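This report concerns only the one structure given below.
Numbering (full-length UniProt numbering), first residue to last: 1 to 367.
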């Protein structure tokens, strides 16, 4: 049973600022866990959907052979705006691996340029904060559109400068942790396959807020996505800094995949993952229907400012279902695409500097 809690906590990061606490048992064993003061329903819905997708992937021989799956963690709602979340031991955030520990991070050791992480972040945030003030003073829609265009142009120029000065270094992570050539290849392959599966599943459910602290890498070098509050493309609809990419596929993410980058195992595993989900479209949509209606839809619909009762909630559910159905049918930009074409369009969208430069500075799109 619980003996006590330690009297301090850590905030790992994220929009919802979950707090890492440590519970001490009666036999003096420490159990770290996360407490999230936010509606845990979206985390729970995403986790339940991931578990269904994992069942489908495991049933498919090609996906089972590649061990394609979503890593998961337990979510326990305590109240309507508080949830208890399993803390995954032995996993590091990409932030810790790549940038956070100033002198110990990969970028500090393998890319010691004048443009360190803090400098780059300040360069992007300076522009965004400046235009936030200007946009707040704009009186007409035309003026706001012009300001947004000017901001995008400045952000792109600064983003290109940062990318010229900062080189991707994630490949060194796999070299450092591997004991042999076969161990290196195995861990890099685990990462690539995991990145592919999580990118496709994340795209289907509209998972956003994929900054460096919200993606963990475990001992087997598979990715675990945490803080799942921004689902159903909520992040793409935020008024100030709407997300402009379908999933995180930045230069460092690609760098860890080896010389072939996205053209190797990554795209093959994307195709297999998407194929299984598209073949099981009706089953997934049925699960979506159940999860949406069994959850407290009022709290979900509040995220899009619905406040007119059952009719608005039903409309919200219909929009979510329609968006997911379209993705599972290959709808993209007014076209219906085959699986490989759909994935290549998504990869192009996710890696386009014009999209990456517009992301909120905390997303660290140059890493």
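We treat Cβ as the ideally placed atom computed from N, Cα and C, and that holds for glycine. Remember, predicted model here, so these are calculated numbers, not experimental data.
Nearest neighbour of residue i, chosen from the options [CA to CA]
{"i": "residue 198", "options": "78, 67, 356 and 147", "result": "67"}
{"i": "residue 154", "options": "201, 353, 83 and 262", "result": "353"}
{"i": "residue 315", "options": "335, 289 and 338", "result": "289"}
{"i": "residue 123", "options": "29, 159, 192 and 135", "result": "159"}
{"i": "residue 206", "options": "46, 8 and 26", "result": "46"}
{"i": "residue 194", "options": "339, 69 and 148", "result": "69"}
{"i": "residue 204", "options": "331, 92, 62 and 260", "result": "331"}
Limits of the beta strand (DSSP E) - the one that residue i falls within
{"i": "residue 78", "result": "75–79"}
{"i": "residue 148", "result": "First-last for residue 148: 141–165, but that is the alpha helix (DSSP H), not the beta strand (DSSP E)."}
{"i": "residue 83", "result": "82–86"}
{"i": "residue 25", "result": "19–25"}
Beta-carbon spacing of residue i, residue j below 9 angstroms
{"i": "residue 275", "j": "residue 329", "result": "no"}
{"i": "residue 350", "j": "residue 201", "result": "no"}
{"i": "residue 215", "j": "residue 94", "result": "yes"}
{"i": "residue 229", "j": "residue 43", "result": "yes"}
{"i": "residue 251", "j": "residue 366", "result": "yes"}
{"i": "residue 222", "j": "residue 184", "result": "no"}
{"i": "residue 169", "j": "residue 266", "result": "no"}
{"i": "residue 75", "j": "residue 284", "result": "no"}
{"i": "residue 71", "j": "residue 64", "result": "no"}
{"i": "residue 334", "j": "residue 219", "result": "no"}
{"i": "residue 162", "j": "residue 115", "result": "yes"}
Whole-angstrom distance between residue j and residue i, CA atom to CA atom
{"i": "residue 11", "j": "residue 23", "result": "16 angstroms"}
{"i": "residue 306", "j": "residue 208", "result": "Because the pLDDT at residue 306 is just 49, under 50, the model does not fix this residue reliably, and the value given afterwards should be weighed accordingly. One C-alpha to the other measures close to 20 angstroms."}
{"i": "residue 167", "j": "residue 118", "result": "15 angstroms"}
{"i": "residue 88", "j": "residue 73", "result": "7 angstroms"}
{"i": "residue 129", "j": "residue 256", "result": "32 angstroms"}
{"i": "residue 323", "j": "residue 291", "result": "15 angstroms"}
{"i": "residue 39", "j": "residue 48", "result": "15 angstroms"}
{"i": "residue 347", "j": "residue 326", "result": "18 angstroms"}
{"i": "residue 237", "j": "residue 243", "result": "8 angstroms"}
{"i": "residue 253", "j": "residue 126", "result": "25 angstroms"}
{"i": "residue 258", "j": "residue 137", "result": "47 angstroms"}
Expected contact under 8 angstroms - CB spacing of residue i and residue j to nearest Å
{"i": "residue 106", "j": "residue 211", "result": "Going by Cβ atoms, the distance from residue 106 to residue 211 rounds to 17 angstroms, so no, they are not a contact pair."}
{"i": "residue 131", "j": "residue 151", "result": "4 angstroms"}
{"i": "residue 77", "j": "residue 41", "result": "7 angstroms"}
{"i": "residue 217", "j": "residue 97", "result": "7 angstroms"}
Run of the alpha helix (DSSP H) containing residue i, from where it starts to where it stops
{"i": "residue 383", "result": "No statement about residue 383 is possible, as the shown extent of the chain runs from 1 to 367 and does not include it."}
{"i": "residue 57", "result": "41–59"}
{"i": "residue 174", "result": "171–177"}
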